[in-house]
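Novice:
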Amino acid sequence: MSDAPVLYQVDGAVATITLNRPDVLNALNVALMVSLREAMASATSDEAVRAVIVTGAGRGFSAGADLASTSPGGSGGGDTGNLLRERYHPVILAMRNMPKPIISAVNGVAAGAGMSIAMAGDIILAGRSATFLQAFSKIGLVPDAGSTWFLPRYVGDVRARALAILADRISAQDAQSFGLVWQVHEDADLLPRAQEMAAKLAAMPTRAYAFIKQALNDSHQRDLPAQLELEATLQSQAGQTEDFREGVAAFLQKRPPQFKGR
Ligand code: LHQ
């Protein structure tokens, strides 16, 4: 297997992005974050790609920031805020703004900013042995890369505070019961099930997914009238797609639809 820090593979209409530093549980160094940003850009711009999977090589999803290169004494030492702004924020925003669905297939531990990356996906699947850990406070840091934004929205304030402050490592099953994970699969089934779901999504009217992401991304920030207006604006656009016409025609003609993502 390639030793590139991120693998980018397109199969049909599905791109799979694999964090690939398995010896250190895919800890995030600058090279990995640069490649991850490039992979997100490729998936965004390639019109043939209509669904994306993000997963990890080996036994981890990601152990978060590479502490060997980001510690104050490490070779990449410096201001961690700037490191976040330059390397992490563009990736998290690219994931949220990508006009295609992203499945996070969490195959093992997702810690620190690795957990943030998992949470930036649209549908979070986990392997039975996956674990989730807001590792930040254990080393004197604040949850970052979106964790304080995603967590309260996904699990509620009480659990978000406990997870961030206690930094307990929770199981995939607990993560699912908290609402952080959509489905838990046996470890061996995780990637096949993610691929199955991605292939299914890629055959759907994918522009609608782009509009859905846009509608949901900041819905907590808008009041009801503003959200109703956004829905109407997006629905005007959705109503003009070829896929909407095809969906209605196929329904009326009692045949399977052939969506093209246009
Ligand atoms: C690692 C790491 C790692 C390097 C395991 N780095 N090598 C901060 C700063 C700057 C900007 C961006 O944002 C952030 C936010 C953050 O992400 S802060 C949080 C950073 N992550 C952590 O604090 C987690 C540290 N890792 C752990 O607590 C454990 O490794 C976990 C719980 C993830 C997994 O435990 P185990 O399954 O027991 O594995 P392990 O500890 O034996 O790790 C396996 C190898 O991976 C080991 O190397 P070795 O040479 O001994 O086999 C670890 O040193 C290495 N590794 N995490 N973050």
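Heads up: the sequence shown begins at 1 in the numbering used here, then just goes up one per residue. Every residue gets a Cβ at the ideal spot worked out from N, C-alpha and C, and that includes glycine.
Checking the sheet assignment: what are the DSSP bridge partners for Phe132?
Specialist: Ala110 and Ile170, per the DSSP bridge assignment.
Novice: Leaving out the 5 sequence neighbours to the left and right, which residues in its chain are closer than 8 angstroms to Gly73 when beta-carbon positions are compared?
Specialist: The predicted model places Gly73 with a pLDDT of 48, which falls under 50 and marks its position as unreliable; any figure quoted below should be read in that light. So no residue of the chain qualifies.
Novice: Alpha carbon to alpha carbon, how far is Lys260 from Val158? Give it in angstroms, no decimals.
Specialist: If you take the alpha carbons of Val158 and Lys260, they lie about 43 angstroms apart.
Novice: Please give me, in chain order, every unbroken run of the alpha helix (DSSP H) with length at least 4 that falls completely inside the region 215-251.
Specialist: The qualifying runs are 224-238.
Novice: Of all the alpha helix (DSSP H) runs that stay within the bounds of the region 61-99, which reach a length of 4 or more residues?
Specialist: Counting whole runs of 4 or more residues, the region 61-99 contains the alpha helix (DSSP H) stretches 67-70, 80-83 and 89-97.
Novice: Quick one: what's got a C-beta closer than 7 angstroms to Gly179's C-beta in the same chain, skipping five residues either side?
Specialist: Counting only Cβ-Cβ distances below 7 angstroms, and skipping sequence neighbours, we find Tyr154 and Val155.
Novice: Which residue's Cα is closest to the Cα of Ser129: Thr241, Leu84 and His185?
Specialist: Of the listed residues, the one whose Cα sits closest to Ser129 is His185.
Novice: Determine the contact status of Ala210 and Pro90, defining contact as a CB-CB distance below 7 angstroms.
Specialist: No, Cβ-Cβ distance for Ala210 and Pro90 is not below 7 angstroms.
Novice: Assign Ala126 to one of three DSSP states: helix, strand, or coil.
Specialist: Strand at Ala126.
Novice: Between Glu38, Leu25, Asn20 and Arg50, which has its C-alpha nearest Arg262's C-alpha?
Specialist: It is Arg50 whose Cα lies nearest to the Cα of Arg262.
Novice: Take Thr233 as the anchor and find which of Ser219, Trp182 and Ala215 has the nearest alpha-carbon.
Specialist: Cα-wise, what sits closest to Thr233 is Ala215.
Novice: Where does Gly78 land, buried or exposed, given buried means 16+ other C-beta within 10 angstroms?
Specialist: Gly78 is exposed by the Cβ-count criterion.
Novice: Name the two residues that bound the continuous alpha helix (DSSP H) containing Gln195.
Specialist: Note, Gln195: alpha helix (DSSP H), Asp187 to Ala202.
Novice: Ignore the nearest five residues each way along the sequence and tell me which others in Ala202's own chain have a CB closer than 6 angstroms to its CB.
Specialist: Cβ neighbours of Ala202 beyond the five flanking positions: Ala13, Val14, Arg50 and Ala51.
Novice: Counting pairs of Cβ atoms below 8 angstroms between the region 168-179 and the region 189-207, do you hit three or more?
Specialist: Short answer: they don't touch.
Novice: Starting from the Cα of Met33, find the closest Cα among Ala249, Ala208 and Arg85 and give me that residue.
Specialist: It is Arg85.
Novice: Consider the C-beta atom of Asp218 and the heavy atoms of ligand 1; say whether any pair is separated by less than 6 angstroms.
Specialist: Not under cutoff, so the answer is no.
Novice: Given a threshold of 16 other Cβ atoms within 10 Å of its Cβ, counted over all protein chains shown, does Leu228 qualify as buried or as exposed?
Specialist: Exposed.
Novice: Under 6 angstroms: does the beta carbon of Val34 sit that close to some heavy atom of ligand 1?
Specialist: No.
Novice: How long is the line joining the alpha carbons of Gln134 and Gly64, rounded to whole angstroms?
Specialist: Distance between the alpha carbons of Gln134 and Gly64: 9 angstroms.
Novice: Compute the Euclidean distance between the alpha carbons of Ser236 and Ala31, then round it to the nearest angstrom.
Specialist: Cα to Cα, Ser236 sits roughly 41 angstroms from Ala31.
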